[in-house]
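Asks: Below you will find the structure I want to go over with you.
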Amino acid sequence: MKFGILVNEGPYQHQASDSAYLFCKAALAKGHEIQRVFFYHDGVNNSTRLTEPPQDDRNIVARWSKLGADHGVDLVVCVAAALRRGIKDENLAPGFRISGLGQLVESGIQADRLVVFGD
Amino acid sequence: MSEGTIKKFMFVNRTAPYGTVYALESLEVVLISAAFDQDVSLVFLGDGVWQLKKGQQTKAIETKNFSPTYRALEGYDIEKLYVEREALDARGLAEEDLIVDVTVLSSAEIGKLMEEQDVVLSF
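Chains as they are written, first to last, in the numbering used here: chain V, 45 to 163; chain S, 24 to 146.
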């Protein structure tokens, strides 16, 4: 099955990003396709390379980057939500790209299921 | 999925208009979705019904009053607006307190409507 994923919450504050990541990993392991992960609302904060979590904690941003690199998952950050929150190309972590909300709607059209992770 | 696919998109609004940014940013997706010629509907549940309340004044909280945008939805051919009856009742609101024409449905009826959707986006 082809999944689209929407992440609406920031890292560490909320479990949404962790759950979305683990869902993606499990789906890929079962042979499903992740068509796109779209980051919206505070979810855009999952994409900043300035994140430096403590050594003994998971690195949520790096984990997404690795998922993108390992499986070619399209990681898209909403431009309007990103600019509001100080996320720009210059502080974007590897594998992410900034684009418009149309990418989210397109994901809903193209994927078999769009799964929302949020509050 | 081919280019001309039309899916049923439902935007579920559950939060008050101010206090968090969900309502404003969800309205932004709704407006974008209009450009994709999809079958779009909006549902207002729980505190989400406050988004449609007439007479919003936001000057004192230095936040933009975006409620007039709901009136513009019609111009984007987004005309299916559903409001949860139980949510209105619990908050002492009536249909005439809302800034746009809506269809008031029970929670159960909204549940049935949700079942018919291809994509449900909840904010």
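Just so it is clear, CB atoms sit at the ideal spot from N, CA and C, and this is done for glycine as well.
When the cut-off is 8 Å and only beta carbons count, does residue 40 of chain S lie next to chain V?
Replies: Position 17 of the second sequence holds residue 40 of chain S. Output row for residue 40 of chain S: interface = no.
Asks: Across which residues does DSSP place residue 103 of chain S in a beta bridge pair?
Replies: Reading the second sequence from its first residue, position 80 is the one you call residue 103 of chain S. DSSP lists S:64 as partners of residue 103 of chain S.
Asks: Once you ignore the five residues that flank residue 60 of chain V on each side, which residues in its own chain have a CB closer than 8 Å to its CB?
Replies: Within the first sequence, residue 60 of chain V is the residue found at index 16, counting from 1. So the list reads 51, 52, 53, 87, 161, 162, 163, once near-sequence residues are dropped.
Asks: So, using beta-carbon positions, are residue 119 of chain V and residue 68 of chain V closer together than 8 Å?
Replies: Sequence index remark: in the first sequence, residue 119 of chain V carries index 75 (1-based). Sequence index remark: in the first sequence, residue 68 of chain V carries index 24 (1-based). Result no, Cβ atoms of residue 119 of chain V and residue 68 of chain V do not sit closer than 8 Å.
Asks: What in chain V is Cβ-close to residue 58 of chain S, meaning under 9 Å?
Replies: Within the second sequence, residue 58 of chain S is the residue found at index 35, counting from 1. Those are 146, 149, listed as they occur along chain V.
Asks: For residue 32 of chain S, which residues in chain V fall below 8 Å Cβ to Cβ?
Replies: By 1-based counting over the second sequence, the position of residue 32 of chain S is 9. Going along chain V in sequence order, the residues near residue 32 of chain S (Cβ under 8 Å) are 149, 152.
Asks: Going by the CB atoms, is the gap between residue 108 of chain S and residue 68 of chain S shorter than 8 Å?
Replies: On the second sequence, residue 68 of chain S is found 45 positions in, with the first residue counted as 1. On the second sequence, residue 108 of chain S is found 85 positions in, with the first residue counted as 1. No, the Cβ-Cβ distance between residue 68 of chain S and residue 108 of chain S is not below 8 Å.
Asks: Distance cutoff 8 Å, beta carbons only. Does residue 123 of chain V sit that close to anything in chain S?
Replies: For the purposes of this step, residue 123 of chain V is taken as residue 79 along the first sequence, with counting starting at 1. So, not an interface residue.
Asks: Look up residue 135 of chain S in the DSSP assignment and say whether it is helix, strand or coil.
Replies: To locate residue 135 of chain S, count along the second sequence from 1; it is residue 112. Helix at residue 135 of chain S.
Asks: Measuring only the C-alpha atoms, how far is residue 152 of chain V from residue 77 of chain S?
Replies: As a position in the first sequence, residue 152 of chain V is number 108, starting the count at 1. As a position in the second sequence, residue 77 of chain S is number 54, starting the count at 1. So the two alpha carbons sit approximately 32 Å from each other.
Asks: I need the straight-line Cα distance from residue 90 of chain S to residue 138 of chain V, nearest angstrom please.
Replies: Within the second sequence, the letter at position 67 stands for residue 90 of chain S. Within the first sequence, the letter at position 94 stands for residue 138 of chain V. Whole-angstrom Cα-Cα distance: 38 Å.
Asks: Along the segment 79-107 of chain V, what residues have a CB closer than 9 Å to any CB found in chain B?
Replies: Absent from the structure: chain B. Protein chains present are V and S.
Asks: Exposed or buried, what is residue 188 of chain V when buried is set at 16 or more other beta-carbons lying within 10 Å of its beta-carbon?
Replies: What the structure shows of chain V is the stretch from 45 to 163, and residue 188 of chain V is not part of that stretch, so it cannot be assessed.
Asks: Taking a Cβ distance cut-off of 8 Å, strictly less, list which residues of the segment 45-69 of chain S are near chain V, in chain order.
Replies: Within the segment 45-69 of chain S, the qualifying residues are 45, 48, 51, 52, 55, 56, 58, 59, 61.
Asks: Counting only C-beta atoms, is residue 142 of chain S closer than 8 Å to chain V at any point?
Replies: For the purposes of this step, residue 142 of chain S is identified with residue 119 of the second sequence, where counting begins at 1. Yes, residue 142 of chain S lies at the interface with chain V (some Cβ there is under 8 Å from its Cβ).
Asks: Taking C-beta pairs closer than 9 Å, name the residues in chain S that residue 160 of chain V reaches, listed in chain order.
Replies: As a working note, residue 160 of chain V is residue 116 in the first sequence. By Cβ distance, chain S contributes 143, 144, 145, 146.
Asks: Whether or not the segment 100-114 of chain S and the segment 56-67 of chain S are in contact is what I'm after, with contact meaning three or more pairs of Cβ atoms, one per stretch, closer than 8 Å; do they touch?
Replies: Cβ pair count under 8 Å is three or more, so yes.
Asks: Using the Cβ count rule (16 or more neighbours within 10 Å means buried), how would you classify residue 71 of chain S?
Replies: By one-based count along the second sequence, residue 71 of chain S stands at place 48. The residue is buried, with at least 16 neighbouring Cβ atoms inside 10 Å.
Asks: If you follow the beta strand (DSSP E) that residue 131 of chain V is in, where does it begin and where does it stop?
Replies: To locate residue 131 of chain V, count along the first sequence from 1; it is residue 87. Run containing residue 131 of chain V: none; DSSP gives neither H nor E here.
Asks: Can you list, in chain order, the residues of its chain with a C-beta nearer than 8 Å to that of residue 80 of chain S? Leave out the 5 residues immediately preceding and following it.
Replies: On the second sequence, position 57 is the one that residue 80 of chain S refers to. Excluding residues within five positions, the ones whose Cβ falls inside 8 Å are 88.
Asks: Entirely within the segment 85-134 of chain V and at least 3 residues each: give me those beta strand (DSSP E) ranges in chain order.
Replies: Correct list: 119-122.
Asks: Tell me, please, whether the CB atom of residue 28 of chain S is closer than 8 Å to any CB atom in chain V?
Replies: Sequence index remark: in the second sequence, residue 28 of chain S carries index 5 (1-based). Yes, residue 28 of chain S counts as interfacial toward chain V.
Asks: Look up residue 77 of chain V in the DSSP assignment and say whether it is helix, strand or coil.
Replies: Sequence index remark: in the first sequence, residue 77 of chain V carries index 33 (1-based). Reduced to three states, the DSSP call for residue 77 of chain V is strand.
Asks: Going along the chain, which unbroken runs of the beta strand (DSSP E) with 3 or more residues stay wholly within the segment 132-160 of chain V?
Replies: Entirely contained in the segment 132-160 of chain V, the beta strand (DSSP E) runs reaching 3 residues are, in chain order, 140-143.
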